[in-house]
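Here's the structure, in structure tokens; my notes come after.
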Amino acid sequence: MTKEIRTRFAPSPTGYLHVGGLRSALYNYLFARKMGGKLLLRVEDTDRTRLVEGAVENFIEVFDWLGIHFDESPAVGGPHAPYVQSERLNLYTEATKTLAEKGHAYVCFCTSERLEQVRADQQARSLPPMYDKHCRKLSKDEVDARITAGEPYVWRMAVPDNEVVEVHDIIRGDVNFETSTIDDQVLMKSDGYPTYHLANVVDDYDMRISHVIRGEEWLPSTPKHVLLYRFFGWEPPQFAHLPLLLNPDRSKMSKRSGDVAVEAYRDKGILPDALLNFVALLGWHPQDEREFFTLEELVNEFSLQRVNKAGAVFDQAKLRWMNTEYLARLTHDEMWDGVAPHLPSELLTESAVRVRYAVISLRPGAESFQDLAAKVVEAFAPADISNDSWDEAQLSFVGEVADGLSTLPAGTWNDFEGLMAEFKAAANSAGAKHGLKGKGIWMTLRMALTGREHGPELGRLVGIWGREGTLNRLHAAIAAKLSQEQSP
RNA sequence: GGCGCGUUCGUCUAGGGGUCUAGGACGCUGGCCUCUCACGCCGGUAACACGGGUUCGAAUCCCGUACGCGCUACCA
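Residue 274 in the numbering used here sits at position 154 of the first sequence, and the numbers go up by one each step.
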């Protein structure tokens with residue numbers, strides 16, 4: 121029987137979810153689901169200096185928003201709880217003891233000052249900065265004595281000499297490392313907390329992780345992990361190192377250029393499904409040329425074999441396009457529900473039917489709920505026509521249109537389609553009476569009604585404003601022009 | 001500096017020896033539609049890093065070079 125597929129997303133609680141982390145989490149999720157396995161969330165909080173309050177709760181909340189659910193996590197628990205490393209310290213202590221007994225770990229008393237000095241010397245001589253294994257030759261008696269004396273110390277791994285460590289990577293194939301280039305990595309810090317290297321190996325084994333799918337930045341430290349598995353006598357998991365997510369300048373994606381927090385995209389109005397879809401396509405592609413996928417479809421299509429090796433630039437413009445596409449596929453009800461919370465309270469005094477009509481009329485091309493809300497607000501904004509100058513004909517034409525509209529049966533104003541036709545007819549007949557046609561008609565009306573050269577179709581705006589709003593605008597425009605003539 | 005990974009249009013990518021005068025998408029751009037803007041529709045632009053091999057034949061295989069990126073912490 122084959123081993124159960126178990127993957128994990130193991131972030132450190134920095135306070136927000138990085139989109140690169142999201143991509144890793146997503147691929148872990150897709151792979152686990154596809155293979156009928158489990159996905160777990162494990163919090164790697166072994167660096168006490170970087171703890172952020174509420175970070176774990178935030179992760180859970182954001183993943184919930186995204187619709188990615190973990191089979192085992194700090195929130196839902198599971199057979200390998202706890203899923204927070206700071207609550208598993210005894211495991212790491214035990215593991216260290218095991219390594220020490222086998223001679224694979226040793227105590228090091230070197231101060232950070234000395235380490236810095238060593239590094240500086242090596243740099244000066246153009247040598248690779250590595251620990252000089254100074255404490256590896258300390259006698260057991262000396263070690264015991266110094267520990268008893270209360271001297272602070274760490275545990276380091278004893279990397280063997282002159283060996284080649286082979287890392288099997290699903291995405292990159294076999295990658296070899298000379299042990300002479302591998303540092304005697306610290307496993308246990310002086311504060312009693314493990315480093316990432318020790319903790320992730322111990323936990324991945326303990327939690328029976330079958331596939332470690334993580335960012336490429338971990339590839340160089342993987343031989344250390346492989347060595348640890350060997351020291352412990354454990355079978356290592358399969359590794360898959362994902363290509364990095366890049367800034368436009370092709371450096372590793374960072375806060376430097378643009379947003380990296382999933383929360384920032386959520387706040388900007390990016391839909392969770394759009395974000396997931398977009399991120400899934402960064403470094404992976406399906407067999408055909410489709411590019412719109414639900415989470416379920418992604419699960420069906422996903423395969424680690426189709427993950428690319430080269431890093432991918434996170435293209436904000438394409439994300440925006442994808443979000444626009446997702447928005448366009450929403451029903452009117454869904455769109456209304458999304459936009460309504462972003463509308464200012466002033467608009468509540470307007471008829472709900474007309475505000476809703478505004479949302480429906482203005483939605484084509486909207487990039488986000490916020491974007492559409494802004495367009496709605498703009499549509500209701502008062503006109504300022506002081507910069508436009510009219511001749512006599514235009515002035516009477518606008519009056520004529522106002523008269524024509526005021527005689528429309530009340531019911532017409534509630535029938536948006538019919539109103540559009542009536543409005544057009546009124547404008548055309550008034551135009552004919554005053555020698556205006558085509559652009560002369562429409563641009564004059566557009567300026568009178570909105571004060572701007574560009575904007576939504578007037579026939580729709582009239583419906584959005586309603587009888588009173590429309591006539592008010594027309595009368596206000598006429599009044600403004602008349603007073604302008606009197607006081608030049 | 002050392003180690004490692006990578007390299008197809010500006011960007012995301014298809015391509016796994018002939019079907020590639022290299023396909024799709026975003027972007028940009030021309031036109032159409034039109035009361036304007038946007039939307040929509042139609043079209044265009046643009047790439048196999050370089051040099052050697054292997055082969056009848058290479059974007060596809062091999063080697064080298066260049067360039068880019070990552071790692072090089074008692075951070076993950």
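We put the beta carbon where it would ideally sit given N, CA and C, even for glycine.
Being a predicted model, the structure only gives us computed values, none of them experimental.
Looking at the DSSP output, Asn296 shares a beta bridge with Glu286. Here Trp456 carries a helix assignment [DSSP, helix/strand/coil]. Setting aside the 5 residues that flank it on each side, Ile561 is surrounded in the same chain by Ala547, Gly551, each with a C-beta closer than 6 Å to its C-beta; the list follows chain order. Residue pairing by DSSP places Ala360 opposite Ile333 in a beta bridge. Taking the Cα of Ser259 as reference, the smallest distance to any Cα among Glu286, Phe434, Val287, Cys228 is reached at Cys228. Taking the Cα positions, Lys257 is about 35 Å away from Arg328. Here the C-alpha atom of Leu362 lies approximately 8 Å from the C-alpha atom of Ser144. Excluding its 5 nearest sequence neighbours in each direction, Gln407 has C-beta neighbours in its own chain below 8 Å: Glu421, Arg426, listed in chain order. Nearest to Asn428 by C-alpha distance, out of Thr213, Val182, Tyr147, is Tyr147. One Cα belongs to His138, the other to Val295, and the distance between them is close to 27 Å. Here Glu542 is not near Thr527, since their CB atoms are 7 Å or more apart. Here DSSP, grouped into helix, strand and coil, assigns Tyr273 to coil.
Unbroken beta strand (DSSP E) runs of no fewer than 3 residues, entirely contained in the region 149-194, are found at 158-161, following chain order. Apart from the 5 residues on each side of it in sequence, Ala130 sits with its Cβ closer than 6 Å to the Cβ of Arg162, Glu164 in its chain, given in chain order. A Cβ-Cβ separation of about 15 Å leaves Ala522 out of contact with Leu581 under the 8 Å criterion. At the C-beta level, Gly555 and Ala513 come within 7 Å of one another.
Here the C-alpha atom of Ala394 lies approximately 19 Å from the C-alpha atom of Phe151.
For Leu247, no beta strand (DSSP E) segment is defined, and its DSSP state is neither H nor E. Within the region 360-439, the runs of alpha helix (DSSP H) at least 4 residues long that lie entirely inside it are, in chain order, 382-388, 392-400, 415-421. Nearest to Leu307 by C-alpha distance, out of Arg266, Ser341, Trp510, is Ser341. Annotated three-state conformation of Thr301 is helix, per DSSP. In this model, Tyr251 and Tyr316 are separated by some 18 Å (Cα to Cα).
Where Ala215 is concerned, the enclosing alpha helix (DSSP H) starts and stops at 209-221. Around the CB of Asp511, fewer than 16 other CB atoms lie within 10 Å, so the residue is classed as exposed. Exclusion of the five residues before and after Gln242 leaves Pro249 as the residues of its chain whose Cβ lies within less than 6 Å of its Cβ. Non-local beta-carbon contacts of Leu439 in its own chain, meaning distances under 8 Å to residues more than five positions away in sequence, involve Tyr385, Ile390, Ala394, Leu395, Phe398 in chain order.
Counting only residues of its own chain and dropping the five nearest sequence neighbours on each side, Glu411 has no CB closer than 6 Å to any other CB.
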